[in-house]
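Encoded as structure tokens, the structure appears first; notes follow it.
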Amino acid sequence: MSFTSFPFLLLVLGTLVLYYTVPGKAQWFVLLAASYVFYLWASPILGLYPIAITLITYLAALRLSALNARKGSMDKARLKRHKRAMCALTLLSCFGLLFALKYLDGVLVTVGALTGQKFTPLSLVVPMGISYYIFQSCGYVIDAYRGKYPVERNFGKYALFVAFFPQMVQGPISRYRDLGPQLSAARRPDAVFLRDGIQLVLWGLFKKLVIADRAAAVVGTVIDDYSAYSGGIILFAVIFYCIQLYGDFSGGIDIARGVAELFGIEMPENFRRPLFATSIADFWRRWHITLGGWMRDYVFYPLSFSRPFSALGRFARKHLHGAAGKILPTSAVTFIVYFFIGIWHGSDPKYIFFGLWNGVLITAALLLEPVFARIAKAVHLDRECALFRAFRMVRTALIVLIGRYITRAETFLGALDMLSRTVNTFALEPFADGTLLKLGLTAQDYIVLGVSLLCLLIVEGIQERGVKIRRSLGGKNGFVQWLAMFALTAVVLIYGFWIKGEIATGFIYMQY
Amino acid sequence: MSAKKWLVCFVLTLLVLILSLGAFNWAVDPFGLFGDRFMNWYAYDMTQNPRSSKIAWLDAHHDEYDSYIIGCSSTSSYPTEALNRYFDARFFNMIMYGADMYDVECESRYIIENYECKNLVVNVYIDNGLHYDQESDEMTYSQHAKTEGSNLLSYYLRYLYAKPKYAIDKLMSASSDTYLKQSFDAFNPQDGTYDKRARDVEHISDTESYLEAYPVFGNYPTIHPVMTHIDDTVGSLARIKALCDQHEVNLVVVCAPVYYEYFHCFRREDVRRFYSEIAAVTPFWDFSMSSVSYEMRYFYDQTHFRNCVGDMALARIFSDHTVYVPEDFGVLVTPGNAEAHIDAIYQSGPAEETDVSAVVPTLLYHSISPEGDNGNGMVVSPETFEQQIAALSAGGYTAVSLEQVQDYVRSGEPLPEKPILITFDDGYQDNYTYAFPVLKKYHMQATVFVIGVQVGNKTYKGTDYPITPHLTDRQMKTMAASGLISFQTHSYDMHQSSAYEEGRARIDMLQFEGEDEQAYIDLLKSDLKAADEQIAGISGKEPIALAYPRGAYSELAATVVAQSGIAVTFTTEPGANVVLKGVPQSLYGMHRRFVYEKTTPEQLLSYCSVARG
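First to last, the protein sequences are chains A and B. In terms of numbering that gives the first Met the number 0, the first sequence opens at residue 0 and continues consecutively. In terms of numbering that gives the first Met the number 0, the second sequence opens at residue 0 and continues consecutively.
What follows is the structure, given as structure tokens:
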């Protein structure tokens, strides 16, 4: 059930009515029921996956919590062994399942190709959003292992945390400590939450339907047959792909967060205006924040403080001089994290390259930072001035753009080919000879897209200055508020639903 | 505003917006599903989606019909007028482009169960064995929810919230709508047929010129279709038959004529199975393969046969001997004769050209006078005229009347061996004085095209400017009474002289640049009506022919002329005419050879014989 479909609207409205009419103690159950209606809508069989994951992680967390409670009454080393085994077993089974569903075929085929044998792909159906709820529930298990907070004993409430329908298929990835209590709290309808939720949903629909779906038309036409186009058009299409990806993913997240707000539930931000990032590291702090946060808390820190990496750090500081010595362990872990982020996107080898590309850039930035600082000082450059900031933004955007060649091309070699064509066959003529109108969009579509992007940029620019748009709009006079609401609603209805672009796409990030 | 107020405002705004978007499609109604109240333009709506729009039309108008003909696009080629005459009924043509038998079954069921239906004619095209239940999801192809039995609410909502492109296109088209059909308004809503007014007046003559106009027949595409849906199609037909039996509807099944090259693309075993299975369900009239299939001039394009062929098919079914029908055209196929019939149609071949067509050289004279003229040689002296006619007579040519040619085309009445047509434009008095005696002497028929307003005039109408005197009523009566001369029109007053007119002279029947289309059509019609009344008053016969002043005509003029009852038209284009049995279009836009004072008898004979090939 897509967020932009009529059944989803009905589900949300029905759930809302029920949610606010049942007694407070039963409210969470309405959400749980709605979540499973949402999930089972596509396929009842696939509903077994979240139930299995929920059950495994629920029991593991209970067991870990029980073990934690025995602290003091049990041999410390034995307790730790027990806990580790429990935690490792759970994570292995969850990630093992994810691996089997998403990567096994790829690995088998690769191994087959290397050894000259032929494997028949299993072609397992990957249930939508499975990596999101596996990440979310495994984070919970690790928290339980660490004994950070009491675990949830009510299976139903825990199941709701895993399967809460707005976030289930494309995030954001929440932490139990933040989301759990909100889900089970009793609430009365709150006009402010409802208004804010509707506004966020509208904004998400605007980004998804008006912007991303239009950009998608060009992307599909050009990239799927890129050798037929000259470099300029390929670049144009990859830029459109960046627009599509951002509109699609952040729009979907806005809808999810907006819907949650209708129920009085606040979910974490997943995007913070990535266009304004001044470095790749900054970009990853603004793009898919909850995945980055998850990696930071459950991969980066544990690895950095683990025995082997501490040893590596001591070794590096001793044997390597200067910055390199300091950053070697960090950068090694960084590589591992981006390797994981890379393959999180898919099993194709190109995603490994995508991960490495980011790891290399961040390590390079760390290594070169002292050099940049010295140069800046020598030429008396104020690195915080607006102009230099703009330069860094553009530079970052360009680097991200190159990375997008990798994620969008069919294969890594395809990405390299597209890149080389972009440079070697670059020409401006196709922008003036009507080629643009043969890429799946009409002149009107381009105008709509252009104006929409401008609005998006202005809004994000204001947000970047620290203004809370919805708060500040709430303080304006009635007419301005109505005008904003009318304009957004009309644009979404007319250009999002009514006058559809040629290609309507599902949400890209649902497949992960 | 408070959050609560905002919420109320939002709900209201949303409602108003949603309602106004729907209201736009409702008001413009590009598919004619909501009554098309404001534009009332079903010609457009039916073109957008004939399946749905026709049902919407019939829901409101079914009391005007009691019989239906149904099928894919070739169904439109059975003229409503003929259907009504033969069946003594009021037909609506339920043609749907690209229809398969699934469409036909659904729509037939709806029609039979919801409207009065005495006769149901199902037109089966050979393509029906190839497809079944296709393309039903597109806005322009989907059936009405009422006929398909799908959810009515979601159906109406789909069209109410269809993308605005459809409605905007309709508004744009309305601003460029013309009297003749365009690609966006191809239907006649009153009887459901395709609007073929213009197509049915196009000039058709010999095969060579037809190939120039329709090159597809010279290089016919070869395909290898396989009939994978015979069972589905025949199954539908069987259910239609059962339904008709149950509701006492007279079911007539016809298999439409197919161009021979297309027919031969099909596998013989497929055709055999298809036709045998249809015969097992119901006897049917098979017109698919005969000498007609070999004659490209019977086809509008590679797959669609002409309305005149539809006329022939109906005449065959109803044994109407006043209409020309080739002997091998149409067989009633029953289980008993199906096998033999299928063998027979594979034996069929083209008719002899001379059996189905005739060459009719046509001469064009103006004034016959000893006075000569100021140099353009158009005035022929009586002596020269007699020499020319004598030469033709000696050459074995027989001048025939237009009626004879018309009868040849309409009912296949034979023409004399070497027929020619002799015509005189403008209607000068000297035609009576000098030409008439010669024609009598050699017993040659001739046709005089008179300018109505000039009849009896010695000066230009309404002025004192002297002109070559025109025939008087009396002279015309005398000539007509001889049975040799027929009077036809050269327009009533659309051949004016710019020298004597105040303001813009209407020198021919073409529309002025910038002239309002409807005003022009009205003028044309009233001119033809005046000519009609005048000539009928004088000669006792309504005119059937028109010689376009200056030979000039347009598609629009030709269409209006044909609608006014004119069956034969002449231009001044040189060349011969080939008239074809069963193809009334071969009487439109006929060519004529100017005859001058200097034209020698040899030249004249040579023209006539060259024209005959």
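For every residue, glycine included, the Cβ atom is placed at its ideal position computed from N, Cα and C. If you're wondering where the values come from, they're calculated on a predicted model, not measured in any experiment.
Strand pairing of residue i, partner residues [DSSP]
i, result
"B/Cys-254", "B/Val-123, B/Asp-285"
"B/Thr-321", "According to DSSP, which records beta bridges pairwise, B/Thr-321 is partnered with nothing at all."
"B/Val-358", "B/Val-577"
"B/Met-589", "B/Phe-569"
"B/Phe-486", "B/Val-447"
"B/His-469", "B/Tyr-427"
"B/Phe-298", "B/Phe-304"
"B/Pro-418", "B/Thr-397"
"B/Asn-83", "None; B/Asn-83 has no bridge partner."
"B/Tyr-165", "DSSP, once it has assigned bridges, lists no residue as partnering B/Tyr-165."
"A/Lys-70", "A/Met-73"
"B/Leu-363", "B/Thr-422, B/Phe-593"
"A/Met-127", "Its beta-bridge partners do not exist; DSSP assigns none."
"B/Phe-186", "B/Tyr-193"
Straight-line gap, residue i to residue j (C-alpha atoms, nearest Å)
i, j, result
"A/Glu-501", "A/Ile-493", "Since pLDDT at A/Glu-501 reaches only 46, below the 50 mark, its modelled position is unreliable, and no value is offered."
"B/Thr-12", "B/Leu-20", "12 angstroms"
"B/Cys-254", "B/Arg-50", "21 angstroms"
"A/Ile-398", "A/Asp-195", "35 angstroms"
"B/Val-251", "A/Val-36", "53 angstroms"
"A/Phe-242", "B/Ser-141", "The amino acid occupying residue 242 of chain A in the given sequence is Ile; Phe does not appear at that position. Taking the straight line from one Cα to the other gives about 36 angstroms."
"A/Phe-239", "B/Arg-271", "56 angstroms"
"B/Asn-576", "B/Leu-401", "13 angstroms"
"B/Gly-588", "B/Val-567", "8 angstroms"
"B/Pro-214", "A/Pro-120", "53 angstroms"
"A/Phe-7", "A/Met-0", "6 angstroms"
"A/Met-266", "A/Gly-138", "16 angstroms"
"B/Pro-381", "B/Ala-88", "56 angstroms"
"B/Asp-62", "B/Leu-236", "26 angstroms"
"A/Arg-145", "A/Tyr-131", "21 angstroms"
"A/Thr-406", "A/Tyr-350", "7 angstroms"
Residues of its chain near residue i, where Cβ-Cβ distance is below 6 angstroms and the 5 sequence neighbours each way are ignored
i, result
"A/Ile-254", "Phe-2, Val-200, Gly-203"
"A/Arg-186", "Gly-263"
CB-CB length for residue i against residue j, believed under 8 angstroms
i, j, result
"A/Phe-94", "A/Ile-133", "7 angstroms"
"B/Val-452", "B/Leu-420", "Actually they do not touch by this definition, with Cβ atoms about 25 angstroms apart."
"B/Asp-65", "B/Glu-115", "5 angstroms"
Buried versus exposed call for residue i [16 or more other C-beta atoms within 10 Å across all chains shown]
i, result
"B/Met-100", "buried"
"B/Gln-444", "buried"
"A/Ala-503", "Bear in mind that a pLDDT of 49 at A/Ala-503, under 50, signals an unreliable position, so the number given afterwards is only what the model happens to contain. Burial call: exposed."
"A/Cys-384", "exposed"
"B/Thr-321", "exposed"
"B/Asp-28", "buried"
"A/Val-124", "exposed"
"A/Lys-70", "exposed"
"B/Val-10", "exposed"
"A/Ala-215", "buried"
"B/His-469", "buried"
"A/Val-106", "exposed"
"B/Glu-601", "exposed"
"B/Lys-580", "buried"
"A/Met-85", "buried"
"A/His-379", "exposed"
"B/His-143", "buried"
Same chain, Cβ closer than 8 angstroms to residue i, neighbours up to 5 away in sequence not counted
i, result
"B/Pro-542", "Phe-486, Gln-487, Thr-488, Ala-530, Asp-531, Ile-534, Ala-535, Ile-565"
"B/Ile-239", "Val-103, Glu-104, Ser-107, Arg-108, Leu-119, Val-121, Leu-250"
Proximal residues to residue i (C-beta, below 7 angstroms), its chain only, five neighbours per side dropped
i, result
"A/Val-209", "Val-447, Ser-451, Val-490, Val-491, Tyr-494, Gly-495"
"B/Thr-333", "Ala-278, Pro-282"
"A/Leu-319", "Leu-327"
"B/Asn-92", "Ile-68, Thr-74, Ser-75, Thr-79, Asp-190, Gly-191, Thr-192"
"B/Val-291", "Pro-256, Tyr-297, Val-308, Pro-325, Phe-328"
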